[in-house]
Amino acid sequence: MCGIVGYIGKNNALPILIDGIKRLEYRGYDSAGIALYLGNKIESVKAVGRIKELESCLQTLGVCERADPEGLLGGLGIAHTRWATHGAPTEANAHPHTDCQGKIWLVHNGIIENYIQLKEHLISKGHKFKSDTDTEVIAHLFEDLYEGDLLATLQKTLSLIKGAYGLVLIHSDHPHKMLAAKMGSPLMVGLGDKETIIASDASAIINNTKQVIYLNDGEIADINRENLKIINSQNEVIDKKVEKIEWDIEAAQKGGYNHFMLKEIFEQPETVKNSIRGRYIIEDGKAKLGGLDNFTNKIREIKKIIIVACGTARNAGLAGKYMIEEYAGVPTEIDYASEFRYRQPILDSQTAVMVISQSGETADTLAAVREAKEKGALTLGIVNTVGSTIARETDAGVYNHIGPEISVASTKAFTSELAILSLLTVFLGRQRKMSLIMGKRILEELEILPKKIAKILAADKKIKAIAKKYKNAKNFAFLGRKYNSSIAFEGALKLKEISYIHAEGFVSGELKHGPIALIDKNMPSIFIAPKDSVYEKNMSNIEEVRARCGKIIAIATAGDKAIKKISDEVIYIPKTLEMLTPILATIPLQLFAYYVAVLKGLDVDKPRNLAKSVTVE
Ligand code: G6P
């Protein structure tokens, strides 16, 4: 994610920029930086950690006094709060980034997919890089193409980069100008009185102005002190509607949603896209996971995988086990991290222990990594937080690229973990027996999943109505088979975490071995029963519950009329490959849990007794 802010105007830019990135800190907070025009050149200060660290550096260096605009034409500067994607959270990797001469300075939110090729090319031309980031190539490429005209150079630069960006740049030869460009990452322009602020979202702007222009993909804002032009991808100057922000600051940080959890649920079309972006080549049916590059041959030799994680991350791992065994043919176990460290797992050099962790700091998961390394196993990670302990200690891994997850109940991390497990399945499978056709088929489906997620989110009113109807039940059963047993467990976990209702996940086949004794008219059962290889089996289980007067809420494939006849409620999800159904089936259950909790008046983002990151055993 990352948060970016740019300021040009009559006032001192420094306090406005600092205030802006503080309000964007929810988008990322592992390091921060600022670049300011101070008289005749641009100076930058960066710091690892939260923005208060940057503030103390600015104090120590005496920048605050020098930044006052008297004699400085007013303020000009850019600032960034980072959530690392490429390169650990260090001072060198913090934004703003610059070229060899320190003239162009820019902040970026997004991922440049072809940065490796561009970087090699620029190094061969003599450019000296100072960071491990993808962003720095933009500065050097700009420098390489620069002939005096900022806008023309930016357009040329953007035509050569692939990927997603929200970008703001300033140049020491042009103290009256600031440019911004958007492709895939959010960016808006705030229009104040003789001042313009660019930011990732409204929370960084509304202290100064509520008049904004939302930039669309492909658009560039060319801002001068007196005026501003918006240019589209056909190089035409366009008229944009100026809109008024009606939110207050708190609501703005949540993007207008009432809770971070709801915002994160609704972010999923985007976060799943970001997790897979640039990581596959459909024509070759291949997954391309940079974080595994140095271990490709070792991974080819792996004979067994043990997936180890806690909570929601473990539920993702359970679906991963089914994927990897069915499509890559590698025997895969799944374990609780808290169990793994105390049992006697059978490990050798041909075993990979794959840990999954949003925070990268979960104590039990970390202990599992250390135990596995001690026993000589290869350790792989799927981690969201770059530079976290688990990310550093695993031998290799894949980052989620979804920005920080704020709500304690994990949602966007879960779907991202599933998406990455699908890519890993293709990666492992293509090293083994998976055909080109099968690889292509999975990737093609994966690519269109974000649209299907968006379709489910559009039915959110219906899910809210169902939540209203069932919110007073004291117990819930969640049932599913094969891939969707993971969703039965995850659906139940979400509901109990935030609504404090007792909910159990079962594999449907176990129903008659005990859980069915619980069923009566007061205990609703939520069946995850898409049209897959175990559909008929699920249908029989639904009948068994119905025969005991149990209420049925079914998650079913669009167009399935038969299930409607035997269920009290049906929530439809679009059709997809069986192995990918968990990514879709979890969405209505996240919304269901959310609405039940809201209707009960509970603190959704901070449920009682729980912590986002459990760093103790
Ligand atoms: C805590 C959180 C859960 C999370 C689990 C694992 O219990 O409340 O939401 O799934 O830890 O966290 P991790 O950061 O390792 O994914």
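The working numbering numbers the first residue of the sequence shown as 1 and each following residue consecutively. Using N, Cα and C, we set each Cβ at its ideal position, and we do this for glycine too.
Integer Cβ distance of residue 573 from residue 588, believed to fall under 8 Å: Between the beta-carbon of residue 573 and that of residue 588 there is about 7 Å, and that keeps the pair under the 8 Å contact cut.
Length of the line joining the Cα atoms of residue 557 and residue 376: Residue 557 and residue 376 have their alpha carbons spaced roughly 44 Å apart.
The region 574-594 in contact with the region 489-509 per 3-pair CB rule at 8 Å: Judged by Cβ distances under 8 Å, the region 574-594 makes contact with the region 489-509, as three or more pairs qualify.
Whole-angstrom C-beta distance between residue 483 and residue 319, which should lie under 8 Å: The pair is a contact, with the Cβ atoms about 5 Å apart (cut-off 8 Å).
C-beta atoms of residue 277 and residue 164 nearer than 8 Å: Yes, the Cβ-Cβ distance between residue 277 and residue 164 is below 8 Å.
Inter-stretch contact at 8 Å, needing at least 3 Cβ pairs: the region 330-338 / the region 145-158: Counting Cβ pairs under 8 Å, fewer than three are found: no touch.
CB-CB length for residue 295 against residue 395, believed under 8 Å: Right, their Cβ atoms sit about 6 Å apart.
Whole-number beta carbon distance between residue 166 and residue 648, since they are thought to touch under 8 Å: A query on residue 648 cannot be resolved here, the shown segment of the chain reaching from 1 to 617 and no further.
Cβ neighbours of residue 551 in the same chain (closer than 6 Å, five flanking residues each side left out): Within the same chain, 524 and 568 come within 6 Å of residue 551 by CB-CB distance, once the 5 residues on both sides are set aside.
Endpoints, alpha helix (DSSP H) assigned at residue 595: For residue 595, the enclosing alpha helix (DSSP H) stretches over residues 581-599.
Minimum C-alpha distance to residue 403 - residue among 293, 59, 292 and 86: Of the residues 293, 59, 292 and 86, the one whose Cα lies closest to the Cα of residue 403 is 86.
Residues bridged to residue 183 (per DSSP): For residue 183, which the question treats as bridged, DSSP gives the partners 165.
Length-filtered (3 minimum) beta strand (DSSP E) runs lying within the region 230-313: Those beta strand (DSSP E) runs which fall completely within the region 230-313 and span 3+ residues are 304-309.
Selection from 5, 529 and 365 that minimises the alpha carbon distance to residue 178: The residue with the shortest Cα to Cα distance from residue 178 is 5.
3-residue-minimum beta strand (DSSP E) runs that sit fully inside the region 87-139, ordered along the chain: Counting only runs of 3+ residues, the beta strand (DSSP E) found wholly inside the region 87-139 occupies 104-112, in chain order.
CB of residue 171 within 8 Å of CB of residue 223, strictly: Residue 171 places its beta carbon 8 Å or farther from that of residue 223.
C-alpha distance - residue 162 paired with residue 275, whole-angstrom precision: If I take the Cα positions, the gap works out to 16 Å.
Continuous alpha helix (DSSP H) stretch holding residue 521: start and end: The continuous stretches of alpha helix (DSSP H) do not include residue 521, and DSSP gives it neither H nor E.
Distance CB(residue 408)-CB(residue 381) smaller than 8 Å: No. Outside cutoff.
Euclidean distance between Cα positions of residue 37 and residue 494: It is roughly 48 Å from the alpha-carbon of residue 37 to the alpha-carbon of residue 494.
Rounded Cβ spacing between residue 544 and residue 516 (contact assumed at less than 8 Å): For residue 544 against residue 516, the beta-carbon gap comes to about 7 Å, under 8 Å, which counts as contact.
Enclosing beta strand (DSSP E) for residue 619 [first to last residue]: Residue 619 is absent from the structure shown; the chain starts at 1 and stops at 617.
Bridge-paired residues (DSSP) for residue 44: Paired residues: 35.
Short Cβ contact (8 Å threshold) for residue 181 with residue 220: Going by C-beta atoms, residue 181 is nearer than 8 Å to residue 220.
Residue 507: CB within 7 Å of a non-hydrogen atom of ligand 2: Only ligand 1 can be found as ligands here, which leaves ligand 2 out of the picture.
Bridge partner(s) assigned by DSSP for residue 212: Residue 212 is bridged to 190 and 243.
Buried or exposed by the 16-neighbour rule on C-beta atoms within 10 Å, applied to residue 56: Under a 10 Å Cβ-count criterion, residue 56 is classified as exposed, with fewer than 16 other Cβ atoms of the shown protein chains found around its own Cβ.
Contacting residues, own chain, Cβ-Cβ under 7 Å from residue 511 (five flanking each side not counted): Closer than 7 Å at Cβ, skipping near neighbours: 479, 541 and 544.
Inter-residue Cα distance where the pair is residue 562 and residue 507: In this structure, the CA atom of residue 562 is about 21 Å from the CA atom of residue 507.
Reduced DSSP category for residue 24 - H, G, I as helix; E, B as strand; rest coil: Taken through DSSP and simplified to helix, strand or coil, residue 24 comes out as coil.
Alpha-carbon to alpha-carbon, residue 576 and residue 406: Rounded to the nearest angstrom, the two C-alpha atoms are 29 Å apart.
Opening and closing residue of the beta strand (DSSP E) in which residue 535 lies: Note, residue 535: premise wrong, no beta strand (DSSP E); alpha helix (DSSP H) at 535-546.
Outcome for residue 513 when other beta-carbon atoms lying within 10 angstroms are tallied against a minimum of 16: By the 10 Å Cβ count, residue 513 comes out exposed.
heavy atom of ligand 1 below 7 Å from residue 122 C-beta: Answer for residue 122: no, Cβ out of range of ligand 1.
Burial state of residue 120 (16 or more Cβ within 10 Å): Under this definition residue 120 is an exposed residue.
contact_flag[the region 188-204, the region 286-305] where n(CB pairs < 8 Å) is 3 or more: No, because fewer than three Cβ pairs between the region 188-204 and the region 286-305 fall closer than 8 Å, the two stretches do not touch.
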